[in-house]
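J.:
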Amino acid sequence: MKKKTLLLWLMSLLYFAVSPVFGQKKENPQTPKDTTKNKPLTSAVNVSALTDIKNLIPQLSPKSPNVAAMERYGSYQVNLFNGLPTIEIPIFEITAGNLSIPIKLSYHASGIKVTDMATFTGMGWSLTYGGAVTRQVRGLADEVNVGLLGKTIAPNVQEDVGATCYNESVRFAFERMASNTIDIERDLFSVNIPSKSNQFILRDTTNFQWLMPEPSKIKFTRATNPSNSNSFFELTDEGGNQYVFSEKEATVDVGTTAWLLKKIQGKRAVDKILYEYYPAASFSTTHDIFETVTINDNPSGIVPSGILTSGTPSPNFVSANNAVQQRLPKTIYFPLGKINFVLESTD
Numbered sequence: 001m002k003k004k005t006l007l008l009w010l011m012s013l014l015y016f017a018v019s020p021v022f023g024q025k026k027e028n029p030q031t032p033k034d035t036t037k038n039k040p041l042t043s044a045v046n047v048s049a050l051t052d053i054k055n056l057i058p059q060l061s062p063k064s065p066n067v068a069a070m071e072r073y074g075s076y077q078v079n080l081f082n083g084l085p086t087i088e089i090p091i092f093e094i095t096a097g098n099l100s101i102p103i104k105l106s107y108h109a110s111g112i113k114v115t116d117m118a119t120f121t122g123m124g125w126s127l128t129y130g131g132a133v134t135r136q137v138r139g140l141a142d143e144v145n146v147g148l149l150g151k152t153i154a155p156n157v158q159e160d161v162g163a164t165c166y167n168e169s170v171r172f173a174f175e176r177m178a179s180n181t182i183d184i185e186r187d188l189f190s191v192n193i194p195s196k197s198n199q200f201i202l203r204d205t206t207n208f209q210w211l212m213p214e215p216s217k218i219k220f221t222r223a224t225n226p227s228n229s230n231s232f233f234e235l236t237d238e239g240g241n242q243y244v245f246s247e248k249e250a251t252v253d254v255g256t257t258a259w260l261l262k263k264i265q266g267k268r269a270v271d272k273i274l275y276e277y278y279p280a281a282s283f284s285t286t287h288d289i290f291e292t293v294t295i296n297d298n299p300s301g302i303v304p305s306g307i308l309t310s311g312t313p314s315p316n317f318v319s320a321n322n323a324v325q326q327r328l329p330k331t332i333y334f335p336l337g338k339i340n341f342v343l344e345s346t347d
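Taking full-length UniProt numbering, the leading residue of the sequence shown gets 1, the next gets one more, and so forth.
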C-alpha cells in the first residue's frame, strides 16, 4: 500500500513539473497600465499634403468686442436658474405703438476671460439697444458654395468620397476636410432681442432648429451670388413684430459673424424703428497661441502605411490674428424722435 501511495505521489510531481504554469505579474498600483504598448498607430489621412500649418489650428470666428458681449446673452441666458442675476442700468425706452425697446447698460455675470476685450462701454458691459444675430463659424460659413446650407453632412462629404472604400479620391476628401476646404459642421447662431435670447442652427433658408423651445419664426435670405454680402435674417416673434437683421460685421478669411438690427416693424405700418450705423472700422485681434506637431505618414504613397514614420516631431507655434470689421450704432429713428450715439476716443 505504501508503494502504491509513493508511486501516485511521484506521478503527480512529474505531471506538475512538465505542465506550463500561468500567473499574473503584480502591478504597481501607482502606475496605470499602458493599453497601447506595442500597438501600431494608424492614420487615415496623408497629413504631409497639408503644408499650410494654419489649417491645422482650431478654426476661430472672432467678433468685435461689442458683438461678442451681446452673443453671451444667447449662449448663457440670464436667469437665477443659471446662476446669472440681472445687472442693468436703464437709460431710455423707445416706444412705437406696441413696440417697446429699452436702451440700457447691462453686465453679464458669466465672468471675464483672459482673451476678452473691452466693449465701448467697458469690460464686461454691453449697450442694449435692439439686438443682433451672431454666429460661431464652424469650419466654413454655411452659406458659401461648399457650405452645408441646404445639405446634409453625409452628401457634402459623399460628393468627394464616392462609392469606393478607399482610393485616391477618399484621401483627397479627407485632406479637404482637414484643410478646411469643405464644410462638415453646421454653424451655431445666437439671437438676442429685448424680449428673448436663444440659439439655433440653419438647415436651409427656412428650415431652422432652435436649441431651446421657441415660438418665434426666423427666415434667412441668402444673396443670389454667394460672393455678394446681401444676406439677412428676419425674425417674427409671437406678437407679430418683425425684426430685420441686415447690417453685417465680418471677419477677414471667415465671413459674416454678426447681423445687426436694421429695422423693427410692428403690426401697424407707422410702428417702425430704424437703425443707422457708423461705417465699418477695421481692427486686428490676437487670440490664443496654438502649438501643432506634424508627423508624416507614408508621404509618397496613396494609401498610408499604417505605421507613423519615426523621427523627432517639429513643433510650430502659431498665433491666430484676425481683422474684424466693426459696426457701432449711430442713430435710432422712431416715430417720436431719434437717439444719436456720439463716440469719443479713449486715447
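For each residue, glycine too, the CB sits at the ideal point set by N, CA and C.
Among L235, R203, D204 and E143, whose alpha-carbon lies nearest the alpha-carbon of E214?
T.: Closest option to E214, Cα to Cα, is L235.
J.: Could you say which of G240, E143 and I182 lies nearest to residue 435 if we only look at CA atoms?
T.: Because residue 435 is not part of the residues shown, which for the chain are 1 to 347, the question remains open.
J.: Use the C-beta contact count for G111: other C-beta atoms within 10 angstroms, 16 or more gives buried, fewer gives exposed.
T.: So G111 counts as exposed.
J.: What's the gap between the Cα of G124 and the Cα of E238?
T.: Distance between the alpha carbons of G124 and E238 is about 31 Å.
J.: Starting from S106 and walking both ways along the beta strand (DSSP E), at which residues does that stretch end?
T.: Its beta strand (DSSP E) spans residues L99 to Y107.
J.: Quick one: what's got a C-beta closer than 7 Å to N28's C-beta in the same chain, skipping five residues either side?
T.: Any reading at N28 must be qualified, since the residue scores a pLDDT of 46, below 50, and its modelled position is unreliable; the value itself is stated next. Same-chain partners within the cutoff: there are none.
J.: How about Y129 and I332: are their beta carbons less than 8 Å apart?
T.: Going by C-beta atoms, Y129 is nearer than 8 Å to I332.
J.: If you compare alpha carbons, which of Q136, I87 and N66 is closest to T119?
T.: For the residues Q136, I87 and N66, the minimum Cα distance to T119 belongs to N66.
J.: How big is the Cα-Cα spacing for L336 and T95?
T.: Whole-angstrom Cα-Cα distance: 8 Å.
J.: Does P329 pass the burial test, meaning 16 or more other C-beta atoms within 10 Å, or should it be called exposed?
T.: When all chains shown are included, P329 counts as buried.
J.: Could you tell me the distance, in whole angstroms, from the CA atom of T181 to the CA atom of A141?
T.: Approximately 11 Å, taken between the alpha carbons.
J.: Just verifying my parser: in three-state terms, what is the DSSP assignment at K338?
T.: Strand.
J.: Any idea if Y243 is buried or exposed, counting beta-carbon neighbours within 10 angstroms, 16 or more meaning buried?
T.: Per the 10 Å Cβ criterion, buried.
J.: Can you tell me whether G255 is buried or exposed, with buried defined as 16 or more other CB within 10 angstroms of its CB?
T.: Counting Cβ neighbours within 10 Å, G255 comes out buried, since at least 16 surround it.
J.: Determine the closest residue to Q77 out of K113, P194 and F92, with distance taken between C-alpha atoms.
T.: Of K113, P194 and F92, the residue nearest in Cα terms is P194.
J.: Measuring straight from C-alpha to C-alpha, what distance separates I218 and F208?
T.: Each residue's Cα considered, the two are about 8 Å apart.
J.: The beta strand (DSSP E) spanning P90 covers which residue range?
T.: I87 to A96 is the extent of the beta strand (DSSP E) around P90.
J.: Taking 8 Å as the threshold (C-beta atoms), are S106 and Q326 in contact?
T.: No, Cβ-Cβ distance for Q326 and S106 is not below 8 Å.
J.: Taking just the CA atoms, how far does W259 sit from F232?
T.: In a straight line, the C-alpha of F232 is about 7 Å away from that of W259.
J.: Within the same chain, show all residues whose beta-carbon is closer than 6 Å to that of D271, passing over the 5 residues directly before and after it, in chain order.
T.: Once the five neighbours on either side are set aside, the close Cβ partners of D271 are A96, G97 and L99.
J.: For T257, which option in R176, I101, V133 and K196 has the closest C-alpha, if you only look at C-alpha atoms?
T.: The candidate whose alpha carbon is nearest that of T257 is V133.
J.: Distance, Cα to Cα, Y278 vs F200?
T.: Using only the alpha carbons, I get a separation of about 28 Å.
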